[in-house]
Amino acid sequence: MSLESTEQVDTFQARREIDRLIVHPNFVPPTPATEHPTMPTDQPKQTASAEPAAAPAGGLTAGAAQPPAAGLLYPRTGPTDFLECVRLGHPYPPAVHAALGREKPLLEVQDFSLFYGQSRALYSINMSIPNKKVTAMIGPSGCGKSTLLRSINRLNDLIDSVSVTGDMLLSGRSVYAPNVDVIDIRKRIGMVFQKSNPFPMSIFENVVYSLRIDGERRKGVLEQTCEKALRAAALWNEVKDRLKESALGLSGGQQQRICIARAIAAEPEVLLMDEPCSALDPIATLKVEEFIREIAGRITVVIVTHNMQQAARVSDYTAFMYLGRLVEFGPTADIFQKPKLPETEQYVTGRFG
Amino acid sequence: MARRVTSQRVRFLDAASRVVITIGGVGIVAAVLAIMVYLGANVLPLFSSGRLVAAQTRGVTLAGEPVLGVIDEYRGGTLFMLRDGRAQGVQTDSWTTFAPEGVAVEGGKASAISQVNDAGSTAIGLGDGRVQVVTFGFETDFIAPEDATPAMKALERGQRLTLDAGYVEMTPQRQLRRTVPKVVATAPVELGAGSGGVERIDFRASSGAQYLVVLRGDGTLVFNTVSITRPLGGGKPRTRLESEVIPFASPKGLPAVPDYLFAKDGGTQVLAIWNDGTVQRYTKPLGEQWQLGETTDVLPEGGRTITAARMLLGSRTLVLGDSAGEVRGVFAARSGTMRTPDGEVLVVAHRFETGYGLPITAIGNSMRDRCFVVGDGGGNLVVWHMTSGKEIVRLARALPGAIALASVAPKLDGLGAIDAQGKMVSIAMGVGHPEASVRALFGRVWYEGDPAPAFTYQASTGEDTAETKYSKVPLIFGTIKATLYAMLFAVPIALLAALYTSEFLHPRVKNGIKPVIEMMASLPSVVLGFLAAIVIAPIFRDILPGVLTSLLVVPAAVLTGAYLWQLVPIRVASRLSNVQHLLLVVVIVLVAGVASIGLGRAAQGVLFTPTADEQLVMAGSTRVVPRAEWPESLRDVRSLSAEQARPFRGEGFYYRDGGLVRPVGDIREPATAQLIAINGLDRADMRLWLDGVIGGPWPGWILVMTAPGLILTVLLRARFVDPFVQALPFARVGISAALLELGKFVGTLVVGLGVAGVLAWVVTASGLDPRDSILGSYTQRNTLVVGIVMGFAVIPIIYTISEDALSAVPGQLRSASLGCGATRWQTATRVVLPIALSGIFSAVMIGLGRAAGETMIVLMATGNTPGMSMNIFSGFRTLAANIAVEMPEASKASTHYYVLFLGALCLFALTFVVNTLAEFVRIRVRRRSAAL
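Protein chains in written order, with my numbering: chain G, -5 to 347; chain P, 2 to 933.
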């Protein structure tokens, strides 16, 4: 199979392929349902068929061969079979570890799909991000990690052609309902970007930006917040004497920590980090990782990373994504040491991806 | 794989393109520099002084003491008038003397001889009391080839042949030009009054009339209007005099006969001057008799005497030379007070120093402009220009003895002087541009008759003898005024539009809108100017209050709409698409625009309705107030203006026809009521107020103070109210916050207008009237119209460039800001705008350059009056429009021509300075965001 994307799949051929895979003699029975707390049980709601994009794969979902609440719906014939299945757009349930069921979720992603115009980037993602834990998202480039991350604070709204289906619940409240004020949502979520992007203002103004836009004028409050955020970002000692200087005069690592301080200054419920260390040297990376470990347990962190070691070091939970789908999600130790899926193992050990 | 090589063709193209690009780039830089150099080179001559070309000195023998000397147009001869009235000439080529035809003086001996006037005539007073008018000068004609003698025919180009009197010159066009002295005396006439010989005489020709003023032996000062008739059958022209006696009496302790006597231009003033500096000015105010106007001392420094006096061209400015080598320019200036019967006072407006400390012995005036030559006791000659104060040429020790007589050649290309020993010098010089000096072009200059030094531009005048006024300041002022108002209008609109399209508008809509706006930039400015003058100006005149009101109402309506929008549930609000949103705003703006016409009319009714008294005054039901009952401060005013009378309206005085009146009667009287009804005199009209016909300062101050009042209120609110309001529990979210914001806005608006009212009241109480500064008489083609139309002309360019700058701001910063929970507006104003500031700055500067250099709009939509009024309702003239208007009429290489070039250079410098400053700011701004 050399099909690049589901859109190019000839429907009939794809159906034949899927049928072949599904009825494979080495079919392994599903794992117990308890291990899949986020697994959607009401299949009709999940729906590619209801979506306007009408991806070719949509037709497949209605197949009778799809058992409800199924576990591993694929033959364990080889490492590529599962990914092949994904590539073909076949609906499958992700391998979600039981440990997640014991966590209190802060953010629940419910059947979330995202389209860039006609092309689909996320496929019915269902996952719950545990509260006050660090969740890492890994996966090869273009698998939709960043898109999913940016969907959490609705930054994808800025892109003109984006449309979504499904919803997310932040502390039980919808993020995508029509009467939701997106600004309010964002105020509860901090974000750190791949490339450090401090504003061309002083260090102080950068850090207290969130408070400024909320109309905070009390100097004491601002200074206190600034110091607290900078201390948390392990930057206070480096910049305390030059708070009035431009943030752009700092080194790359410091700039990224300024952005971190800015993101946490307003004490968000969730901190989204989109490959925060990809442009940093090892020392700066270490500092950011220390920061993450530091605040873990106080703030919910969702971090996208390409660095397996980093994910292993900093996160409590790790989600592996592939081609817009969640593949496996579980405690970091399990994902890296005893993943349920060989594909995950292949990816985390660097043999694929 | 074969080794990769760069083909020769590519190498050649690379080299060729480098050469072509270099040539192009260097060429452009060179072209700009060349323009600058060319402008500079054309302007520099203005500031250079004259230069000496050659000087020839010879001893000549005259038959008597010369009192007048006239040089011919081609500087070949000088004609002298001797003390006794005879004429004698000197050929300055061959240095031969000749006696012109005809006898100058008939009968008795000349006892007084006047200066040669602007028409080339002098008057000679005889010992027997008669006077005769003498045309005294040269005449030029061309000799037909058949009349030429062989000697003439043998002349080379430029060569001269001396005749018995005068000379013949072969011109470069090979014509024989003959220059001969012309001395034509009229028959002597008796004066209509007085007796005794003529002691002092002056003869003036100005504005088509000729005046002769004579002081006779018995002390009678006779002023004569002269008419000269030439008999049909030939013979001497006859002079007819209409004489009036001036009640002359010399001041106590001074000789009965003044040392100098001059009549002034216009035939209404006579100046009698004594050597000690005392000047009596006799005047004949309109409708009155001759009387002594004033006696002043123009030489307050003791120990000096006046040693020479001369009237300049135009017969307005008197040049007085004193014994210490100082020269003064004196004229009667309007003072507007009653201190003198005619409201004028003599002022010493210009002063010059020869620097030699020797008494001035001779002054000669130019017949072309305000230049004059001064000769002193040491034989030094200096040429100055009176108005510009520029020293043209200086010759130390031009002659060995004291200068007896000095003259300026008619074309200003030479001088002639003779000293007491009969040594004569003929000087050739280049005069340059005497009227142009730094002071005359950029400083305040005291022009003839003006009450005070002023910046005035008046390059073309009705008469040749009038002073030209070349101050660039009114034009620079006009340029800045036009630019300022255009930018005030254009910048906010263009920037908000750019911000809107780059940050809020759907990209697809933006892609449609931007090219349309860019197309607006290509609209020819002449079309805009035409629209402004023919369409917009009359509309503005009709709905003036509405236009002014809309400046407040439209933004207020949009903001109110925005605050109300917050009250709309998000479920409803989010259903509206971007385009519908835009349409909503457009509808609000249109409705507000239409509403402001009505509101303006209503406001006009409240603020500018004539009172009963004012209606009576306009209806003419008034009683003239005698001057004795006028307010104290006005009693001294000679010619009352409406502005001067305005402050006294509260006391019941109204201005009418140069005087004060009080309203009488009642508007309910049938006749008056009918008059008021027919003429609509009870209608509110803002323009009447602007013209000063009705109302006090207060309503105008309200208009002016609205903006400061609102700004002040907003600042105070931000300082004192906002922190308190913010602390309220319900001030952050939801409907309550939106309501609070709306309340704050409405409150600010109301309080702001209240503050404006208070400010207006305070300024009114301090006695100021806005009609003296930024408001004033309404002219249809005014600054407001130009500001708005020219604003429209520069909006596209500012919009396009700043939109590009805003769009170029990295999206990740927008994401970062939005990610922090900022709204789009907060993101736009706090993050995007500051980063794009350098680009926006460039946009504004380019717009500014366009506005400053804009020609057609200001040319067509202003009155092109080079005034210096701040009045927003007055016209003005810009440097660019001035060049466009006057270049066709300026003769090449004239002073006027170069002054126009100077205008271009000023414009260049203005934009250069502004752009350089802007570039500095821009670089600073950019350095801040350089690391992005």
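We put the beta carbon where it would ideally sit given N, CA and C, even for glycine.
Item	Value
Residues within the region 177 to 211 of chain G neighbouring chain P, beta-carbon criterion of under 7 Å	Ile177, Arg180, Lys181, Met185, Phe187, Lys189, Asn191, Phe193, Pro194, Tyr203, Ser204, Ile207, Gly209, Arg211
Partners in chain P for Pro172/G, counting only beta-carbon separations shorter than 9 Å	Ile571, Arg572, Ser575, Arg576
Buried versus exposed, by CB contacts within 10 Å (16 or more), Glu354/P	exposed
Where Glu157/P falls: helix, strand or coil (DSSP)	coil
Cβ-based burial, Ala932/P [other Cβ within 10 Å; buried from 16]	Note that Ala932/P scores a pLDDT of 46, beneath 50, so its modelled location is shaky; the value from the coordinates is reported in the next line. With fewer than 16 Cβ atoms within 10 Å of its Cβ, Ala932/P is classed as exposed.
Under 7 Å from the C-beta of Leu500/P: neighbouring residues of chain G	Near Leu500/P there are no residues of chain G at all, since even the closest Cβ is about 16 Å away, more than 7 Å.
With 16 other Cβ atoms within 10 Å as the buried cut-off, status of Ser18/P	exposed
Entirely enclosed beta strand (DSSP E) segments - the region 645 to 713 of chain P, minimum 3 residues	655 to 657, 660 to 664
His582/P: first and last residue of the uninterrupted alpha helix (DSSP H) it sits in	579 to 608
Sequence-distant residues of the same chain with beta carbon closer than 7 Å to Cys907/P, five excluded per side	Lys473, Ile477, Leu880
Trp230/G, DSSP secondary structure in three states	helix
Cβ shell of Phe490/P (< 6 Å), same chain only, five flanking positions each side left out	Gly788, Ile789, Gly792
Bridge-paired residues (DSSP) for Asp377/P	Ile361/P
Secondary structure of Met846/P, DSSP reduced to three states	helix
Where Lys256/G meets chain P, residues with beta-carbon distance less than 7 Å	One point to set straight first is that residue 256/G is Arg, not Lys, in the sequence displayed. Correct list: Cys821.
Test: Thr912/P CB closer than 7 Å to a CB of chain G	no
Near-chain G residues of the region 826 to 841 of chain P (beta-carbon distance less than 9 Å), N- to C-terminal order	Gln827, Thr828, Arg831, Val832, Pro835, Ile836
Separation of Ser316/P from Gly330/P, as counted between CA atoms	12 Å
Spatial distance of His434/P from Val117/P (CA atoms)	24 Å
Segments of 4+ residues assigned as alpha helix (DSSP H) that fall wholly inside the region 803 to 830 of chain P	812 to 820
Contact list for the region 851 to 874 of chain P against chain G, Cβ threshold 9 Å	none
Distance between beta carbons of Gln616/P and Asp683/P, contact taken as under 8 Å	6 Å
Paired residues, beta bridge with Val169/P - DSSP	Leu162/P, Arg179/P
Own chain residues within Cβ distance below 6 Å of Ile293/G, not counting five before or after	Leu265
Alpha carbon of Arg928/P to alpha carbon of Phe314/G, nearest angstrom	43 Å
Pairwise C-alpha distance: Ser336/P and Ile847/P	46 Å
7 Å Cβ shell around Met888/P - same chain, five flanking residues per side excluded	Leu901
C-alpha gap between Ala460/P and Val886/P, whole angstroms	11 Å
Within 7 Å, strictly: CB atoms of Val181/P and Ala166/P	yes
Short CB-CB distance (under 7 Å) between Pro508/P and chain G	yes
Buried versus exposed, by CB contacts within 10 Å (16 or more), Thr338/G	buried
Within 7 Å of chain G by C-beta, residues of the region 715 to 743 of chain P in sequence order	Pro724, Gln727
Buried or exposed by the 16-neighbour rule on C-beta atoms within 10 Å, applied to Arg398/P	exposed
Same chain, Cβ closer than 6 Å to Asn150/G, five either side skipped, listed in chain order	Arg144, Val156
Buried/exposed call for Lys893/P, threshold 16 Cβ in 10 Å	exposed
Chain G contact for Ser808/P (CB, 7 Å cutoff)	no
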